[in-house]
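Numbering (this note's numbering), first residue to last: 871 to 1231.
No residue lacks a Cβ here, since even glycine has one placed at the ideal position from N, Cα and C.
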Ligand SMILES: NC(=O)c1ccc[n+]([C@@H]2O[C@H](COP(=O)([O-])OP(=O)(O)OC[C@H]3O[C@@H](n4cnc5c(N)ncnc54)[C@H](O)[C@@H]3O)[C@@H](O)[C@H]2O)c1
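And the structure:
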């Protein structure tokens, strides 16, 4: 298996190093043939080539089976600095678009030993495990943008359009995911107002006929955002558009208690996938051995599962992470008053604990 490494900026290289250690441990246990390819991107590529995503990086990435990506970006106060401005449209969106990665999967899973970290009451959050399947290469974020002067004032607009084929393929991905889980799928849109949402409902209902074992329902996006905090356990898989998915997946991301716990997968038609934490490059904690590496480490089981179809190897990492958390080990962001302060570990030490648990299992 050939894996491209885009380590990213600030905490990116720190958490990537831990994920690679864990991958090497799995590889040792399961005798995998892993080749890692370093790919120049984001801040480092900009310093060297004046570009965030050079052509040669894209060419080398295309020869890989999967990409592991750390967070890109600099301090928010330097947002207008050429090194950091335009990263979203100059590197992150083109990476997804170039490989036609139209499905973004984010799982918000509450870990039992961390249940008290959730902003919601324990009885509401217990057992929550939601997968949001977000359309990633269409809709508002790729729609026509206009800047006009109308009646002497600026009028700027963004437009949203979806074709049947775009909705069909993401719906199929979501139904397939639901089949692997609790077989419940909720479509979220805004069909009481938006024309393209009506198309989402029609195409989704057509695809549903091919998956009779999956129970489906529909929610308007405003209700869905409310239900995510009122009764999150009702959801198994949610499928939605690019913009609604962006907002809802961030809302769902706070349920487990720390942004440092959440990985994501971006997939297309083939098994090729891009795996990355949901958070940014956290410049203020970079270089302090403080970042939680779990968001990056948990990209490894996602990659083993979705790209390489190695469910046992994926479970090996998931179980190792649960063991380390059950044993009371925490990174700083996961620490709370009831925890043992002697079990708060740095990024490297936490990574070592997961590696040890993988090798022992
Ligand atoms: N996909 C991406 O590459 C991506 C996503 C989001 C933000 N960004 C970029 O990241 C940079 C910083 O953005 P931001 O500060 O708004 O958001 P951020 O996600 O980097 O940080 C938000 C908060 O979460 C904390 N945090 C994030 N990851 C953590 C981890 N693994 N362990 C412990 N704490 C963690 C940070 O310390 C901070 O308090 C910006 O340049 C932004 O554009 C990139």
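query                                                                                                                                                                            : result
If you check the beta carbons only, do residue 1023 and residue 1001 fall under 8 Å apart?                                                                                       : no
Tell me which residues share the same chain as residue 908 and place their Cβ nearer than 7 Å to its Cβ, disregarding the 5 neighbours each side in the sequence.                : 875
As a quick exercise: from 1222, 1209 and 1214, pick the residue whose alpha carbon is nearest that of residue 1190.                                                              : 1222
Assuming the contact rule is C-beta atoms closer than 8 Å, residue 1150 and residue 941 should be a hit. Round their C-beta distance to whole Å, please.                         : 5 Å
Give the straight-line distance between the Cα atoms of residue 1129 and residue 1035, rounded to the nearest whole angstrom.                                                    : 33 Å
What does DSSP give as the partner residues of residue 1135 in its beta bridges?                                                                                                 : 975 and 1145
Taking just the CA atoms, how far does residue 1100 sit from residue 1192?                                                                                                       : 26 Å
Nearest-angstrom Cα distance between residue 948 and residue 958?                                                                                                                : 14 Å
So, with DSSP's three-state summary, where would you put residue 906?                                                                                                            : strand
As a quick exercise: from 894, 938 and 927, pick the residue whose alpha carbon is nearest that of residue 883.                                                                  : 938
Pull the bridge partners of residue 1185 from the DSSP assignment, please.                                                                                                       : Its beta-bridge partners do not exist; DSSP assigns none.
Report the residue from 996, 1139 and 997 whose alpha carbon sits nearest the alpha carbon of residue 1241.                                                                      : Here the chain has residues from 871 to 1231 only, and residue 1241 is not among them.
Give the straight-line distance between the Cα atoms of residue 1154 and residue 1211, rounded to the nearest whole angstrom.                                                    : 22 Å
With a cut-off of 8 Å, do at least 3 Cβ pairs link the segment 1055-1065 to the segment 957-974?                                                                                 : no
So for residue 1070, helix, strand or coil by DSSP?                                                                                                                              : helix
Should residue 1012 be counted as a contact of ligand 1 given a C-beta to heavy atom distance under 7 Å?                                                                         : no
If contact is defined by three or more beta carbon pairs under 8 Å, each pair taking one atom from either stretch, is the segment 1112-1131 in contact with the segment 897-914? : no
Opposite residue 1090 in the DSSP bridges: which residues?                                                                                                                       : 1059
Quick one: what's got a C-beta closer than 6 Å to residue 1054's C-beta in the same chain, skipping five residues either side?                                                   : 1085 and 1106
Round the Cβ separation of residue 893 and residue 1136 to the nearest angstrom and send it over; I've been treating them as touching at under 8 Å.                              : Actually they do not touch by this definition, with Cβ atoms about 18 Å apart.
Taking residue 1214 as part of the beta strand (DSSP E), name the residues at either end of that continuous run.                                                                 : Taken as a continuous stretch (DSSP letters only), residue 1214 belongs to no beta strand (DSSP E), as it is neither H nor E.
Here's a check: name, in chain order, each residue in its chain whose Cβ is nearer than 7 Å to the Cβ of residue 899, leaving out the five neighbours to either side.            : 1186, 1228 and 1229
May I ask you to check if the CB of residue 1129 is nearer than 7 Å to at least one heavy atom of ligand 1?                                                                      : yes
Out of curiosity, what's the CA-to-CA distance linking residue 1046 and residue 1083?                                                                                            : 11 Å
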